[in-house]
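Novice: Each residue of the sequence shown is one higher than the last, beginning at 1 in the UniProt record's numbering.
By construction, the Cβ of each residue, glycine as well, lies at the ideal position given by its N, Cα and C atoms.
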Amino acid sequence: MRTPARRAAVTLVAGGCVYYLIPLRLLRATGDWVQAGAAAVAFAVLVTAFRRQLHNSVRGAGTGARLETLVNLVIVTVFAFSLGYVLLAGHANQFAGLETKTDALYFTLSTLATVGFGDVHAVGQAARIAVSGQIVFNLVYVAAAVAVFTGGIRRRLGSERVTQPVDRSP
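1) Inspect the beta-carbon positions of L83 and Y141 and report whether they are closer than 9 Å.
2) Are the beta-carbon atoms of V86 and T111 separated by less than 9 Å?
3) In its own chain, which residues sit with a C-beta less than 6 Å from the C-beta of V78, not counting the 5 before and 5 after it?
4) So within the UniProt domain "Potassium channel" (74-150), which uninterrupted alpha helix (DSSP H) runs reach at least 4 residues, ignoring any that extend past its ends?
5) Kindly list the residues whose CB is nearer than 8 Å to the CB of Y106, restricted to its own chain and excluding five residues on each side of it in sequence; keep chain order.
6) Does the contact criterion of 3 or more C-beta pairs under 8 Å hold for the segment 113-127 versus the segment 90-103?
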């Protein structure tokens, strides 16, 4: 049986393999329609993951299921934004310091972690719009993660209070 940690590891490894194996020169050479199609697929994956997260939350799935969804969502999102950034970097004057897929992954993770060293940064308008989209995602993601964690803590504290007898003797 696959555990949530194993499923997340599979998502991470598979996502990393796909990310590093996609031939960007092919994507760039075949025209904008391929990039638009790749962006649409990535967006559809993100929407599907968000829908699953919302469905689990509404359905009252356990904290573990919600946490697993959040972990898988952030893995997919990191690779999707990284791919978008490396494609944007192929256009003149969009990013400073972003030349490889590893640079794009590094930039995405530092933006997600709100570190922002400044060695890689958006300079073009399209890149700034994409980074702004990631920042908005980060805010929504962090809020959802906090809600999942605090909800799980509240449920555990509430169940411990119910299962432990209360001593009312003076």
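Specialist: Taking the geometry as given:
1) Indexing the sequence shown from 1 puts residue 83 at position 83. Indexing the sequence shown from 1 puts residue 141 at position 141. For L83 and Y141, no; Cβs fall outside 9 Å.
2) Working through the sequence shown from its first residue, we reach residue 86 at position 86. Working through the sequence shown from its first residue, we reach residue 111 at position 111. Not in contact: V86 and T111 (Cβ atoms no closer than 9 Å).
3) Residue 78 sits at position 78 when you count from the first residue of the sequence shown. For V78, where only same-chain residues beyond five positions count, the Cβ hits under 6 Å are T108.
4) 101-112
5) Start at 1 with the first residue of the sequence shown, and residue 106 comes out as number 106. Taken in chain order, the residues that qualify are V120.
6) yes
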